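Single-structure report; data block below.
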Amino acid sequence: MATAGKVIKCRAAVAWEPNAPLMMEEIEVAPPQEGEIRIKVVATGVCHTDLYHLFEGKDKRGFPTVLGHEGAGVVESVGPGVTDFKPGDKVIPLFLSQCGECKFCKCPKTNMCDCSWSSNYHDIMSDPTTRFTCRGQPILQFMGTSTFSEYTVINQIAVAKIVDDAPLDRVCLLGCGIATGYGAAVNTAGVTPGSVCAVFGLGAVGLAAVMGCKNAGASRIFAVDINEQKFEKAKVFGATDFLNPKAYDKPISEVLAELTNGGVDFSLECVGNPEVSRAALESCIKGWGVSVLVGYTDVDFSARPIQLISGKTWKGTLLGGYKIKDSLPKLVNDYMTGKIMVDEFITHKMDLEQINDAINLMKTGQCIRCILNISK
Ligand code: NAD
Ligand code: ZN
1 MATAGKVIKC
11 RAAVAWEPNA
21 PLMMEEIEVA
31 PPQEGEIRIK
41 VVATGVCHTD
51 LYHLFEGKDK
61 RGFPTVLGHE
71 GAGVVESVGP
81 GVTDFKPGDK
91 VIPLFLSQCG
101 ECKFCKCPKT
111 NMCDCSWSSN
121 YHDIMSDPTT
131 RFTCRGQPIL
141 QFMGTSTFSE
151 YTVINQIAVA
161 KIVDDAPLDR
171 VCLLGCGIAT
181 GYGAAVNTAG
191 VTPGSVCAVF
201 GLGAVGLAAV
211 MGCKNAGASR
221 IFAVDINEQK
231 FEKAKVFGAT
241 DFLNPKAYDK
251 PISEVLAELT
261 NGGVDFSLEC
271 VGNPEVSRAA
281 LESCIKGWGV
291 SVLVGYTDVD
301 FSARPIQLIS
311 GKTWKGTLLG
321 GYKIKDSLPK
331 LVNDYMTGKI
341 MVDEFITHKM
351 DLEQINDAIN
361 LMKTGQCIRC
371 ILNISK
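Under full-length UniProt numbering, the sequence shown has 10 at position 10, and the numbering climbs by one with no breaks.
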């Protein structure tokens with residue numbers, strides 16, 4: 001490639017500060033260094049976690065940055081020491097790495113690689129430097145991925161290679177939302193055949209959790225959301241019952257207990273709200289109920305000890321528990337062979353320039369996933 005080894009100037013949506021619209025800018029993207037890959041991003045989804053960092057998080061550091069962590073693209077060039085990737089490979093950049101060497105990667109119980117952005121909170125690469133500059137300033141790489149840019153650079157331990165015929169403007173969603181919700185049900189909760197489940201929050205993450213419950217053989221799946229417009233989609237993914245907590249004058253956990261003779265076997269919180277987390281736990285049946293936290297918030301949450309003393313399990317999941325570099329190519333294959341749905345999550349398509357409209361659609365609950373065309 002003519003650009004290999006050179007700085008690339010390209011378009012990116014920069015978040016200069018919290019609570020402000022993103023600005024389209026020309027940024028400089030440095031060549032990949034040892035072990036790194038420079039990727040031409042083709043398409044990206046917008047996930048609530050991007051909105052969380054921009055509007056909701058308590059930690060206002062981490063700006064200026066390029067957001068976006070649900071993208072797919074093509075390798076433009078590779079740095080020294082990279083042997084598993086070559087220019088032209090189709091890839092998904094990941095916000096969770098799999099180095100294969102740390103004690104977490106070597107343990108089958110977890111996907112929490114020690115080299116991840118999530119372990120050291122640099123907001124950038126797997127080391128505290130960034131490959132992006134704009135107007136003479138370093139720009140952070142949010143979650144290490146920064147897919148709201150035509151080019152990005154990422155360590156090879158956080159890149160998954162996928163098959164050449166995968167449609168990048170769809171499988172990009174497997175890089176976060178779908179893998180997260182689906183894996184939360186099939187891996188973290190371990191939903192069993194014949195079980196009764198409840199999914200709180202019906203964005204892409206929650207709908208993917210519904211799909212996971214269905215594919216794991218659940219007999220009844222309650223879809224819970226305060227936005228009733230989400231119920232129709234939830235049906236497509238396999239939900240059997242629909243509840244709006246605002247339509248009842250008693251806690252939703254009591255409503256569920258009455259409808260299920262004591263509570264659900266599995267509940268999944270896909271909102272990112274401490275009150276909903278508590279409600280999801282309280283909705284589980286005593287003795288064996290399992291509740292999984294999927295939604296993200298940096299606010300404390302609480303529950304009465306009796307909820308756990310009575311034999312329930314409360315757990316959480318990052319990226320659906322998948323050892324992601326190994327698992328993503330398999331998920332892409334599951335999509336290509338019809339085992340899991342992806343297209344059904346896509347409600348809007350736009351160009352990168354319309355990023356603020358896409359953010360607004362999600363903020364106001366009008367879309368499930370908007371796919372942004374980054375480069376043709
Ligand atoms: P989204 O905004 O598209 O969906 C959230 C849904 O929750 C909406 O349908 C909304 O109407 C509903 N909701 C809001 N308040 C509610 C309430 N009180 N009761 C019931 N439903 C309510 O978001 P998304 O992209 O699907 O992401 C969902 C959550 O998952 C976010 O918190 C996001 O940060 C988190 N997330 C976590 C991981 C992870 O690895 N754990 C990965 C991706 C996203
Ligand atoms: Zn996400």
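Glycine is no exception: its CB is placed at the ideal position from the N, C-alpha and C atoms. This structure is a prediction, so every number in the text was calculated from the model and none was measured.
Check                                                                                                       : Outcome
Counted within 10 angstroms of its Cβ, other Cβ atoms place residue 20 as buried (16 or more) or exposed    : exposed
Nearest-angstrom Cβ-Cβ length linking residue 184 and residue 317, presumed shorter than 8 Å                : 5 Å
C-beta atoms of residue 340 and residue 211 nearer than 9 Å                                                 : yes
Helix, strand or coil at residue 213 [DSSP, three-state]                                                    : helix
Where residue 138 sits in the DSSP three-state scheme                                                       : strand
Helix, strand or coil at residue 301 according to DSSP, with G and I counted as helix                       : coil
Rounded C-alpha distance that separates residue 82 from residue 161                                         : 13 Å
Beta-carbon proximity check, residue 62 vs residue 91, cutoff 9 Å                                           : no
Whole-angstrom distance between residue 306 and residue 85, CA atom to CA atom                              : 51 Å
Residue of 159, 265, 175 minimising C-alpha distance to residue 197                                         : 265
Span of the beta strand (DSSP E) around residue 67                                                          : Segment: none, residue 67 is in no beta strand (DSSP E) and carries neither H nor E.
Beta strand (DSSP E) runs contained entirely in the stretch 230-285, provided each spans 3 or more residues : 241-243, 266-269
Inter-residue Cα distance where the pair is residue 304 and residue 243                                     : 24 Å
Rounded straight-line distance, which links the Cα of residue 218 to that of residue 344                    : 20 Å
Rounded separation between residue 113 and residue 320 - CA only                                            : 14 Å
CB of residue 378 within 9 Å of CB of residue 35, strictly                                                  : Residue numbering for the chain in the displayed model covers 1 to 376; residue 378 lies beyond these limits and cannot be assessed.
Cβ contact (3+ pairs, closer than 8 Å) linking the stretch 97-111 and the stretch 23-35                     : no
Residue 380 Cβ short of 8 Å to the ligand ZN heavy atom set                                                 : Nothing can be reported for residue 380: it is not among the residues displayed for the chain, which extend from 1 to 376.
Residue 15 in three-state terms, based on DSSP                                                              : strand
Spatial distance of residue 179 from residue 138 (CA atoms)                                                 : 31 Å
Expected contact under 8 Å - CB spacing of residue 315 and residue 294 to nearest Å                         : No, residue 315 and residue 294 are not in contact; Cβ-Cβ is about 10 Å, not under 8 Å.
Any residue whose CB is nearer than 5 Å to a heavy atom belonging to the ligand ZN, listed in chain order   : 47, 49, 176
Residue 329 - DSSP class collapsed to helix/strand/coil                                                     : helix
For residue 202, three-class secondary structure by DSSP                                                    : coil
Helix, strand or coil at residue 228 [DSSP, three-state]                                                    : helix
Residues bridged to residue 386 [DSSP beta-bridge criterion]                                                : Here the chain comprises residues numbered 1 to 376, so residue 386 is not present and cannot be evaluated.
C-alpha gap between residue 238 and residue 287, whole angstroms                                            : 26 Å
Every unbroken alpha helix (DSSP H) inside the stretch 331-367 [4 residues or more]                         : 355-363
Residue 154, enclosing beta strand (DSSP E) - first and last residue                                        : 151-155
Span separating the alpha-carbon of residue 202 from that of residue 241                                    : 13 Å
When 227, 176, 41 are compared against residue 152, the one with the closest alpha-carbon                   : 41
According to DSSP, residues forming a beta bridge with residue 77                                           : 38
Residue 43 to residue 249 span [Cα, whole Å]                                                                : 44 Å
Any non-hydrogen atom of the ligand NAD closer than 8 Å to residue 245 Cβ                                   : yes
For residue 29, three-class secondary structure by DSSP                                                     : strand
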